[in-house]
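All remarks here apply to the structure that follows.
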Amino acid sequence: MFKTAILLSILVAFPGVSFAEPIYLDCQVASKTEQKKFAVKLDEASGKITHTYEKGDAFNAEGFFSANSISYQNIILTSGLKITFRYEIDRTNLKAKQFFEVASADPKIDVPAQTSTMDGICSVVKVGSRKI
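For reference, each letter of the sequence shown is one residue, going -20 to -1, 1 to 112 in mature numbering (1 follows the signal peptide of the UniProt record, and there is no 0).
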């Protein structure tokens, strides 16, 4: 009861304080040979990001939120390979980058990593009112 009273007092005293809603983005990146579309849900309050590929598969990641950029990554270990997809979104102009790297997952195997970069842009998705 006492905790509830304190919380209500804080909310009344500071009405401008709000809990941030997640932000939804539609993004597109491209290289000279390929183009990718994906959607991103940014929840800065929890530090979580959900990345959904155009075909529907998705992953959740821990996000790194700085004043000017947001970054996150997805690492896949398969068949002795470490595949890393790293994403950066500029908070000021919504430019997006995808960094791709495939390397040996075994440090004893000295094979040079293969890398590529794709550049693009995101747009903010307007979310309507919800019932649930």
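Positions of the beta carbon are idealized from the N, C-alpha and C atoms, including for glycine.
Decide yes or no for the touch test of the region 43 to 51 against the region 20 to 28: beta carbon pairs closer than 8 Å, at least 3 of them.
yes
Considering only residues of the same chain and omitting the five flanking positions on each side of I3, which have a CB-CB separation below 6 Å?
For this step, residue 3 is matched to residue 23 along the sequence shown. L22.
Since T97 contacts F79 with CB under 8 Å, what's their CB separation in whole angstroms?
Your numbering for residue 97 matches position 117 in the sequence shown. Your numbering for residue 79 matches position 99 in the sequence shown. About 5 Å; that satisfies the 8 Å criterion.
Where does G(-5) sit, in a helix, a strand or coil, going by DSSP?
Counting from one through the sequence shown, the residue named residue -5 turns up at place 16. Low per-residue confidence applies at G(-5): pLDDT is 44, beneath 50, and the placement is therefore not dependable enough to give any value.
Integer Cβ distance of A41 from I56, believed to fall under 8 Å:
For this step, residue 41 is matched to residue 61 along the sequence shown. For this step, residue 56 is matched to residue 76 along the sequence shown. Rounded, the Cβ-Cβ distance is 12 Å, inconsistent with contact.
7 Å Cβ shell around L(-14) - same chain, five flanking residues per side excluded:
Position 7 of the sequence shown holds residue -14. Here L(-14) scores only 43 on pLDDT, less than 50, and its place in the model is too uncertain to base an answer on.
Return helix, strand or coil for I112, following the three-state DSSP convention.
Counting from one through the sequence shown, the residue named residue 112 turns up at place 132. Residue state, collapsed to three classes: coil.
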